[in-house]
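The block underneath contains the structure these notes are about, expressed in structure tokens.
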Amino acid sequence: MVDGDTVKCDIDLGFGIWQHNETVRLLGIDTPESRTSDKDEKPYGLLSKKKLTEQIEKAEVIKIVTTRDEKGKFGRILGTLVADGSDNINAYMIRHNYAVNYRGQNKEDVQQEHLNNRVILNERGEMNNNKE
1 MVDGDTVKCD IDLGFGIWQH NETVRLLGID TPESRTSDKD EKPYGLLSKK
51 KLTEQIEKAE VIKIVTTRDE KGKFGRILGT LVADGSDNIN AYMIRHNYAV
101 NYRGQNKEDV QQEHLNNRVI LNERGEMNNN KE
């Protein structure tokens with residue numbers, strides 16, 4: 001895992017064809033940064049990364065669903081992770097407040113949603129054991 005909304009993986013294209021060490025940006029979500037010097041943001045980024053890792057590790061099969069063939073502006077594949085045929089991991093991350101809905105807008109535009117998620121995660125007690 002790179003962070004809560006980006007993974008590095010090997011992709012089986014079928015017929016023995018693989019793409020190795022590809023960076024996939026989860027489409028439609030934004031998570032707090034896990035690799036940041038911002039001491040307030042970092043624990044939330046690490047929690048998001050941990051929860052994404054848990055979802056991926058418990059799945060038998062992960063499918064990457066893309067909406068277009070080209071890569072995003074940073075050279076990453078943009079896609080939705082689907083676990084075991086039906087569980088949309090991107091939606092899980094939003095539903096459980098580890099990510100916010102993101103469609104390419106300015107990061108400042110989603111900052112309030114991230115702050116709202118922090119309140120919810122603290123109220124649920126999820127940050128109690130996630131401090132560095």
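Its first residue numbered 1, the sequence shown is counted upward by one per residue in the UniProt record's numbering.
Idealized CB from N, CA, C, for every residue including glycine.
Item to complete: Would you please state the rounded distance, in angstroms, between the beta carbons of T36 and T23? I believe it to be under 8 Å.
Response: As a working mapping, residue 36 is identified with position 36 in the sequence shown. As a working mapping, residue 23 is identified with position 23 in the sequence shown. Going by Cβ atoms, the distance from T36 to T23 rounds to 18 Å, so no, they are not a contact pair.
Discussion item. Alpha carbons only, please: which of K49, K51, P43, N88 is nearest the one belonging to V65?
Written reply: Within the sequence shown, residue 65 is the residue found at index 65, counting from 1. Measuring from the Cα of V65, the nearest candidate turns out to be N88.
Worksheet item: Hey, out of D12, P43, G4, I11, whose CA is closest to R118's CA?
Response: Counting from 1 along the sequence shown, the entry for residue 118 is found at position 118. Among D12, P43, G4, I11, the Cα nearest to that of R118 belongs to P43.
Practice prompt. May I have the straight-line CA-CA distance separating E54 from G75, to the nearest angstrom?
Written response: What you label residue 54 is simply residue 54 of the sequence shown in a count that begins at 1. What you label residue 75 is simply residue 75 of the sequence shown in a count that begins at 1. Roughly 26 Å between the two C-alpha positions.
Item to complete: Compute the distance between the beta-carbons of L52 and G125, then report whether it is under 8 Å.
Response: Along the sequence shown, read from residue 1 onward, the residue named residue 52 stands at position 52. Along the sequence shown, read from residue 1 onward, the residue named residue 125 stands at position 125. Contact flag unset, no.
Worksheet item: For the putative contact between R25 and G72, defined by C-beta atoms under 8 Å, what is the C-beta separation to the nearest angstrom?
Response: Translated into the one-based positions of the sequence shown, residue 25 becomes position 25. Translated into the one-based positions of the sequence shown, residue 72 becomes position 72. About 6 Å separates the two Cβ atoms, so the contact holds.
Worksheet item: From D12 to D109, what does the alpha carbon distance come to, in whole angstroms?
Response: Taking the first residue of the sequence shown as 1, we reach residue 12 at position 12. Taking the first residue of the sequence shown as 1, we reach residue 109 at position 109. Whole-angstrom Cα-Cα distance: 36 Å.
Item to complete: Note the first and the last residue of the continuous alpha helix (DSSP H) segment covering V24.
Response: For the purposes of this step, residue 24 is identified with residue 24 of the sequence shown, where counting begins at 1. Here V24 belongs to no alpha helix (DSSP H); instead the beta strand (DSSP E) covers 17-26.
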